[in-house]
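Read the structure below first, then the notes.
In full-length UniProt numbering, the protein residues as written are 1 to 364.
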């Protein structure tokens, strides 16, 4: 109970990535749904997926005013307020009331422990990028401009490079590789009903990984040739999640010693290290600082995370970078910390936007 004898305000958080969306309530209830990223599924579908998810959250909260935080890959630090109103309108339509903070997906990782507003976040999920903050000035990003402009070292980049390497090996332009059969088999095994981030066993003896394929990615045929797979994926209206879903097979081939896959992973590690260095330098990050690795590639393939952590050691972090295993929990942690700052009268970061959700389904 509060000092006025009222029940404490309920809290909820959403992590909206490129391949799936996760909501988490303060009582531990969790929901997984399809991507709410317009570049992954299109704007109408993104709104529909988010509305469906938030309606479940609102129903769980029973209509009581609440405080929420929506962290999404579709928002930038430079102008969080522009998409915040449209996202808040979706939340209001879902029946949520109270307040909603909107930010890019990595912002809560910067604000929550262990960084607490100062440090480096490197992302390798469906997309990729690096964001650093010195604790005084706004965060600085390297990459994060979607899969046409950047996303080097991401699941999409791994999947695309692996697919191309497999086809070069299949038609004789490069040495033979196990990537072709592995990618075709992985696509065939991916069921369209698999929830995003559901545990799977990767090929090549890598247990306990997490699929990067969202619900709705078409399953392939068991006898599908990798060239047919490439043509089928190219016909998809939004191929990014489906291409990213191939990353686990690429990582498995790398761990099995496949030469072509090793080259793909080596390039990805190089690109992520370059992004981390650029973000660190642009943010003026010196002295003691820490780093966090976030994204499905790191969570699904721990050796990939370890390999990048070893490379990042040269950049000067005070400790080995840690993997964010539960981004939604980090969003909820950032919300809790922000409410403490609000009570203390401390200003909110300029790179977040706060909206009030009205009881009439609107925003003000």
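Where a beta carbon is used, it is the ideal one built from N, C-alpha and C, also for glycine.
Assignment of alpha helix (DSSP H) within the stretch 142-175, counting only whole runs of 4 or more residues, yields 146-149 and 155-171 in chain order. In the three-state scheme derived from DSSP, where H, G and I count as helix and E and B as strand, residue 32 is classed as strand. In the three-state DSSP reduction, residue 355 falls in the strand class (E or B). By the Cβ-count criterion, residue 53 is buried, with 16 or more other Cβ atoms from all chains shown falling within 10 Å of its own Cβ. If you compare the alpha carbons of 297, 95, 271 and 238 with that of residue 252, the shortest gap goes to 297. Residue 58 and residue 33 have their alpha carbons spaced roughly 15 angstroms apart.
A Cβ-Cβ distance of about 13 angstroms is found for the pair residue 226 and residue 161, leaving them out of contact under the 8 angstroms criterion.
By the Cβ test, the stretch 156-173 is not in contact with the stretch 133-144, since fewer than three Cβ pairs between them sit closer than 8 angstroms.
Taking the Cα of residue 315 as reference, the smallest distance to any Cα among 187, 165, 119 and 113 is reached at 119. Looking at the backbone, the Cα of residue 61 and that of residue 254 are separated by about 45 angstroms. Taking a contact as a CB-CB distance under 8 angstroms, the pair residue 184 and residue 229 counts as one, their CB atoms being some 5 angstroms apart.
Taken through DSSP and simplified to helix, strand or coil, residue 290 comes out as strand. In the DSSP assignment, residue 315 falls outside any alpha helix (DSSP H) and carries neither an H nor an E. If you compare the alpha carbons of 301, 68, 267 and 233 with that of residue 248, the shortest gap goes to 301.
If you compare the alpha carbons of 123, 134, 186 and 307 with that of residue 155, the shortest gap goes to 123. When the five nearest sequence neighbours on each side are left out, the beta carbons in the same chain lying within less than 7 angstroms of the beta carbon of residue 258 are those of 177, 178 and 179, in order along the chain.
Taking residue 287 as reference, the option from 24, 319 and 306 with the minimal CA-CA separation is 319. With 16 or more neighbouring CB atoms inside 10 Å of its own CB, residue 104 falls in the buried class.
Of the other Cβ atoms in all chains shown, 16 or more fall within 10 Å of the Cβ of residue 280; this residue is therefore buried. Our two residues, residue 295 and residue 342, have alpha carbons roughly 29 angstroms apart in a direct line. Taking the Cα positions, residue 48 is about 10 angstroms away from residue 41.
Listed as beta-bridge partners of residue 119 by DSSP are 133 and 290. For residue 86, the number of other beta carbons within 10 angstroms of its own is below 16, and it is reported as exposed.
Apart from the 5 residues on each side of it in sequence, residue 332 sits with its Cβ closer than 6 angstroms to the Cβ of 13 and 24 in its chain, given in chain order. Assigned with DSSP and collapsed to three states, residue 98 falls in strand.
Annotation: the continuous beta strand (DSSP E) that includes residue 11 extends over 10-16.
Within a 10 Å sphere around the beta-carbon of residue 186 sit 16 or more other beta-carbons, which makes this residue buried.
Distance from the Cα of residue 262 is smallest, within the candidate group 147, 290, 100 and 166, for 166.
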